[in-house]
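Letter by letter, the sequence shown follows residues 569 to 639 of the numbering used here.
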Amino acid sequence: MRTTLTIREELLKQAKELSGAKTQKDTVEIALEEFVRRRKARKLLDLQGKIELSFTLEDLLSRRRRDVPRR
């Protein structure tokens, strides 16, 4: 999608340096992806203690070991 944005030059420069992105487009996409990831994680943390899980941490880890292929 093409769009026009007015972004503070120094902010974009810092984001580009910190992200290691090569282009301004990549910089904005990396920043948006990180923003979305952090907000989703925050929503999960907000649910902590509000829902009851029917499995233990040990159950979860054993399922993960079974489902994730070894390298």
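For each residue, glycine too, the CB sits at the ideal point set by N, CA and C.
Small disclaimer: the values here were computed from a predicted structure and weren't measured.
Just to confirm before moving on: does the CB-CB distance between A583 and A599 stay below 8 Å?
Counted from its first residue, the sequence shown places residue 583 at position 15. Counted from its first residue, the sequence shown places residue 599 at position 31. Yes; because the gap between Cβ atoms is below 8 Å, this pair is in contact.
Going by beta-carbon coordinates alone, are Q592 and L579 separated by less than 8 Å?
Position 24 of the sequence shown, counted from the first residue, corresponds to residue 592. Position 11 of the sequence shown, counted from the first residue, corresponds to residue 579. No, Cβ-Cβ distance for Q592 and L579 is not below 8 Å.
Whose CA, out of S630, T624 and E602, lies closest to the CA of L586?
Here the question's residue 586 lines up with position 18 in the sequence shown. Comparing Cα-Cα distances from L586 to each of S630, T624 and E602, the minimum goes to E602.
Reduced DSSP secondary structure (H/G/I, E/B, other) of A589:
In the sequence shown, counting from the first residue as 1, residue 589 sits at position 21. Reduced to three states, the DSSP call for A589 is coil.
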